[in-house]
Each structure stands twice: as structure tokens, then as C-alpha cells.
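With UniProt numbering applied, the sequence shown corresponds to residues 1 to 495, in that order.
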Amino acid sequence: MIALAARLATPGFAEALIGSALLMLLVLALRRPAARLFGPQIGYALWLLPALRLLLPPLPGWHPFYLPVIWITPDSTRIGLMATQDIGTEPLTRAPGLVAAAPGFDWASLPALLLLAWAAGAAVLLGVQLARYHGFVRRACAGAARLTVSCGVEVLLSPAVRGPVAVGLIRRRILLPADFSRRYTAEERRLALLHEGAHHDRGDLYANFAGLLVLAAHWWNPLAYRAYRAFRIDQELACDATVLRRASGEDRVSYGRAVLKSAIAPSPAIACALNNKAQLAERVRMMAARRFETTRLAAGGLFALAIAAAGLALTASGAQAGATTPPDWFDQAMAQAERDAAQAAVDAKTLDARSAELEVAQRRSTRIEAAMARSTQVEAAQARAARLEAAQARLAASAAALRARAAATEAMARLPDAQAMEAQLRAARVASGLAREAGHTARAEAIDGAVKASLAAAGVDAIDAHVRTALAAAGVDRIDDHVEAVLRAHGLTAR
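Following this line, the structure appears as C-alpha cells:
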């Protein structure tokens, strides 16, 4: 098991961020009980703790209770908090509060990357909020009319605001709505101006700017946004308590009416409005609460000091007094880290070699698949060639059949001539016999001479020889055989 403990980013600053986040949790838990017991001013004062922790430098000779650490193993990397005495000795599986982080990262560059990402996020958040605030002030003052200047605070009537708002870190102003004199009674106007003047007198706008800086430092932390909203609520409650500290019951009623008439949407980060809609319920409950005596407020101040001392002591960073070398546990951890880095390099080479073997195997598999594909193509081509040869054989058979049909057709064309000649010769022979029977020998001889002349012209000596010659030309021995051959050629049978 690897054990590498290294402070995140700049060690003291990382510890300050973590410490201030822990103190935000503490204040969120104590703010309401402290406000109920000692007054809203004490609950508001507790919000100094996170800001003071960010400003607190490492204390020489102080041993912190925890440190931010990075634990690296061959399979994973974890980031979290560990007790100082456990660093370098506690197994990873027993280290409390650690969360898994992505492996395979060059953790030597992590501090610089974290610092760069933190600075970029903080600059963006701070720039956006300041741009919103300055844009709001510029629009509100563009068409404003000055009413008066009192104690260095300029009072303006502005059509761009719907309720009294305190603005200005350097040039302090109170912005009033254009219908301020019509919407509010004289007593309500007095109390509203006292409220906004109290914000300037108490330095709440500077506190808002400091809170915005703390929020920018914790831009990545959801807890900081919740803490900032609670801080702004406690600020308004404390300002209300300051205005109403010596107010009569009638003044409290007038003040409550002024707050209800001034309900507006949330104002920019630094400005202080008389009434944010999101804070209305808590502020009304505070107005109905009892007053707090001076002794109770003093006791609350002591309580806040005790909480501040304890919180800062528990989260403070330590520094080696008069020493320039890191502590022993850090040297041991760094030595272990170097050994682990060497082992990681060996593992990386082994992994590279296995990756190369895998690539070779993948290429070989690709070639085999290509050869199999080509073999399939060859088999398909062979099947197509066999089908082509069969088609060619069928075509040759069809051609032979067509030639046989043509020969039979030609023979059939010659048969009628032979049959006609045979009929004529038989008729001539019958006529010759009748002539002899009648005693006309000369006529019979004339008929026989004509028959011989016709047979000589046909190239045969007798009618039977002529018929045989015609049948031989048709490729058969008898006329019946020829007829059957013709019928078979046409796919028929003789009846």
C-alpha cells in the first residue's frame, strides 16, 4: 500500500480553506441559538470566524489536528483529511473522510492545476458580482435627484429602485424610491432612513464585500453559498435590532409597515436593501421578540469571543519554528512516494508492452478476418461459375433441339412433294393397266413411257425407289417412323 501525504496547493492556504469551511458549518449550527439567547447582533458577529480563518497565518510551533492529504495507490487516488499523527502510518482503508478520485493522473502537477482552477473560478465569481453591483448603482444614479447630504451620506431619489437601498463603499449613498414621500408616512420615512444609515454606520457594506471575497474563495463549495445567504439574513436582523433597540411599541409597528412596503427582489451582493422578500418572515419574528439588555449583549460578546478562539485554535495551521526542512513524516512520505513512482514507471512500461502485444494480436485477427472474407468471396465466385456452366449446357441442349426441329421441319416440307409424285405415278400405273385391259396397248405403253420419263427426271428408276429416296433424306426408313420422329421433336405422341 502506497502512502503519499502532501498538502494541497499551497499548504497553508489549502488548510485555511478547509478550516473556514468547517467554521461555516459551526456558525450555521450556532447562529440561531446565539441570536435567541443573546440577540441578533451576536449571531451576526459569529460570521467573522470564517473570514478570520482565511486571514490566519500558520502559527509557529503549532501542531494542527488535521491536514489535507493525497493518498495514491496503483489502482486509485484519494483526497481527504487525516489526523496529523496518522499521516504516513495509517492504512488507506482506515483513513477517515477520504473520497475516491480518478486514477491515471499526473499528481505531481495537481497543486498548480488546483491553484489555477481555484483562481479562475474566484475571479469569474467576483467579476460577475462586482459587475452586477456597479451596473445597478449606475442605473439607479443615472436619473436620481439629490435630496440632502448628512454625515457624509448622500440621499438620492431614484426611479430605478422600489425601496430604500444603501450603496457605496467609498461614496456612500442612500437610494430612495421616487414615491418615497407618498408611499411612507413621516414616521416610516424616519425609521427607513435610520435603517439604511445604520448599515453605513455599522460598516455592513464593507462586511458584504468581505463576505463576497470569502464566497469567491469558496466558489467551488455549495456550503459557502448557503452560509452567505444566512450571513445576509443575520446582517439585516442585526440592523433591525440596532434600529429598534430603544424603540417603542408604536415605533415597532411603524417600522414593520415600512419593511412590508419596501419588499423588493434580492439586491446585488454588496448593496443593503431595507427589505428583501426572502428575509421577510424572519425579520417580522425578530421585531416581535423581546429586547435584550446590555448585560445579555455583553455575555453574548464573551460567548462569541470564546467560540472564535476555540474555532481558530482547532482549525489553525502549524509551522515549524526556526526550521527550513519539512518534518520527518513528510520526508518519509516523500521517500515512499519516490519508490512508488519508480514502481509505477515499471508498471507503465509493462503495460505499454502488453498494449503493443495486444495491438499486434488485433492486427493479426484483422488479417485472418480479411482472409476468411476473401475465401467466402472465392466460394461464391465458384458457385456462380458452376451455375454459369450449367446454364451453358442447357443452352447447348436447347440449340441442338432447335437444330433437330429445323431438320425435321425441312424433311416434312419435302414429304408432300414425294407423296404427290407417288400419287401421280400410281394414277398413271392404274391408267396404264386399264388401257391394256381395254386393248389399247399403244396407249398403255405411252403412259408407261411418260412414267419412266418422270422417274428419270426425279433421278430414280421406280416410284418405290423414289419414296425410299425421300424417306432417306428425312433420316427414316418408313413414312410412319418419320411421322413419329417429327411428333417426338415437338413433344407429342402418335395416336
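Just so you know, even glycine gets a beta-carbon here, dropped at the ideal spot from N, CA and C.
Classification of residue i by the beta-carbon crowding that lies within 10 angstroms, buried from 16 upward
i, result
"Ile307", "buried"
"Thr315", "buried"
"Ala368", "As written in the sequence, residue 368 is Ile, which differs from the Ala given in the question. Looking at its Cβ environment, which holds fewer than 16 other Cβ atoms inside 10 Å, Ile368 is exposed."
"Ile170", "exposed"
"Val128", "exposed"
"Met24", "buried"
"Glu389", "exposed"
"Gly143", "exposed"
"Gly97", "With a pLDDT of only 45 at Gly97, under 50, the local geometry of the prediction cannot be trusted, and the value read off the model is given with reservation. The residue in question, Gly97, is exposed, as its Cβ has fewer than 16 Cβ neighbours within 10 Å."
"Cys272", "buried"
"Lys261", "buried"
"Cys151", "exposed"
"Ala9", "Note that Ala9 scores 41 on pLDDT, short of 50, meaning its location in the model is unreliable; the coordinates nonetheless yield the value given after this. So Ala9 ends up on the buried side."
"Arg172", "buried"
"Ala224", "buried"
"Ser398", "exposed"
"Arg53", "buried"
DSSP three-state assignment for residue i, whether helix, strand or coil
i, result
"Ser20", "helix"
"Leu114", "helix"
"Ala145", "strand"
"Ala184", "The question names Ala, but residue 184 is Tyr in the sequence shown. Tyr184 falls in the coil class under three-state DSSP."
"His218", "coil"
"Phe292", "coil"
"Glu15", "helix"
"Leu25", "helix"
"Leu55", "helix"
"His134", "helix"
"Gly449", "helix"
"residue 521", "Past the edges of the chain, shown from 1 to 495, lies residue 521, and the structure says nothing about it."
"Gly39", "coil"
"Arg429", "helix"
"Ile307", "helix"
"Leu49", "helix"
"Arg162", "coil"
"Ala342", "helix"
"Gly439", "coil"
"Ile368", "helix"
"Ala271", "coil"
Beta-ladder partner(s) of residue i, from DSSP
i, result
"residue 496", "As displayed, the chain neither begins before 1 nor continues past 495, which places residue 496 out of reach and without an answer."
8 Å contact criterion, which residue i and residue j should meet: CB distance rounded
i, j, result
"Gly311", "Leu26", "6 Å"
"Glu15", "Ser317", "4 Å"
"Val214", "Ala51", "5 Å"
"His134", "Ala166", "Contact doesn't hold; Cβ gap of about 15 Å is too wide."
"Ala192", "Pro222", "Not quite, the Cβ-Cβ distance comes to about 35 Å (not below 8 Å), so this is no contact."
"Ile174", "Glu188", "Contact flag wrong, Cβ pair sits at about 15 Å."
"Leu28", "Ala227", "6 Å"
"Phe292", "Phe13", "With 8 Å as the limit, Phe292 and Phe13 do not qualify as a contact, their Cβ atoms being about 38 Å apart."
Short CB-CB distance (under 8 Å) between residue i and chain B
i, result
"Ala306", "Within the model displayed, chain B is absent; a lone protein chain is all it includes."
Residue i beta carbon near the ligand FAD (any heavy atom closer than 7 Å)
i, result
"Ala397", "You won't find the ligand FAD in this model; it holds no ligand whatsoever."
Original post:
Which runs of the alpha helix (DSSP H) spanning at least 4 residues fall entirely within the region 192-252, listed in chain order?
Top reply: 204-217, 222-243
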